[in-house]
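Accompanying notes for the structure given below.
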Amino acid sequence: ESCGQLDFLPFQCDMCKKSFCLDHRTYAAHKCEKGANADCRVVVCPVCKKGVKIVPGEELRVTFERHQSGECAGKVVKVPKCPAPGCKQKLGPANKYTCKLCNVDVCLQHRYEDAHNCAGAAKAPAAAPAAAGAAP
1 ESCGQLDFLP
11 FQCDMCKKSF
21 CLDHRTYAAH
31 KCEKGANADC
41 RVVVCPVCKK
51 GVKIVPGEEL
61 RVTFERHQSG
71 ECAGKVVKVP
81 KCPAPGCKQK
91 LGPANKYTCK
101 LCNVDVCLQH
111 RYEDAHNCAG
121 AAKAPAAAPA
131 AAGAAP
């Protein structure tokens, strides 16, 4: 059952709880009976942007056809873009900023009030000039 390789940092299979070397750590490599249904890899659908679980032993084309005829049904998810004039930047988790004054999502380049025509900047009290005049 063991390949006989001496491994000082063996991997423990989370399904069968046995220890394996680097070459035999995957379910398929050590023929884990319990790990056959534990595969949880997904591919992102280019149409609806949802994760589609890869079915072991099934062609990816068949999996996508089933997804597109059922859950997906050609629903295109529109990616939000920065509302600043002339900006075409798509907003995602890594480059989205919510303005605290107008509560609008903008890209990082337009995060300052004067860069995105902030509606809340005109309503905000001008505390900065008063504080500057009070300093000696």
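Per the working numbering, the very first residue in the sequence shown carries number 1; after that it's consecutive. Ideal Cβ positions, reconstructed from N, Cα and C, are used throughout, including at glycine. Small disclaimer: the values here were computed from a predicted structure and weren't measured.
Could you tell me which residues DSSP pairs with residue 97 in its beta bridges?
Numbered from 1 along the sequence shown, position 97 holds the residue referred to as residue 97. Answer by DSSP bridge pairing, in chain order: 106.
Using the Cα positions of residue 107 and residue 119, report the straight-line distance between them to the nearest angstrom.
Here residue 107 refers to the residue found at position 107 when the sequence shown is read from its first residue. Here residue 119 refers to the residue found at position 119 when the sequence shown is read from its first residue. If I take the Cα positions, the gap works out to 16 Å.
Given this structure, state the Cα-to-Cα distance separating residue 13 from residue 19, to the nearest angstrom.
Position 13 of the sequence shown, counted from the start, is the residue given in the question as residue 13. Position 19 of the sequence shown, counted from the start, is the residue given in the question as residue 19. Looking at the two C-alpha atoms, the distance is approximately 6 Å.
Residues near residue 17 by beta carbon distance below 8 Å, same chain, minus five either side:
Numbered from 1 along the sequence shown, position 17 holds the residue referred to as residue 17. Counting only Cβ-Cβ distances below 8 Å, and skipping sequence neighbours, we find nothing.
Ignore the nearest five residues each way along the sequence and tell me which others in residue 25's own chain have a CB closer than 6 Å to its CB.
As a position in the sequence shown, residue 25 is number 25, starting the count at 1. So the list reads 11, once near-sequence residues are dropped.
I need the DSSP call for residue 55, collapsed to helix, strand or coil.
Position 55 of the sequence shown, counted from the first residue, corresponds to residue 55. Reduced to three states, the DSSP call for residue 55 is coil.
Distance check for residue 42 and residue 93, CA to CA, integer angstroms please.
The residue labelled residue 93 in the question sits at position 93 within the sequence shown. The residue labelled residue 42 in the question sits at position 42 within the sequence shown. Cα to Cα, the separation comes out at about 20 Å.
Buried versus exposed call for residue 3 [16 or more other C-beta atoms within 10 Å across all chains shown]:
Mapped onto the sequence shown, residue 3 falls at position 3. The residue is exposed, with fewer than 16 neighbouring Cβ atoms inside 10 Å.
Separation of residue 121 from residue 52, as counted between CA atoms
What you label residue 52 is simply residue 52 of the sequence shown in a count that begins at 1. What you label residue 121 is simply residue 121 of the sequence shown in a count that begins at 1. Cα to Cα, the separation comes out at about 43 Å.
Nearest residue (CA-CA) to residue 82, options 22, 109, 56, 7
Here residue 82 refers to the residue found at position 82 of the sequence shown. The option with the nearest alpha carbon to residue 82 is 109.
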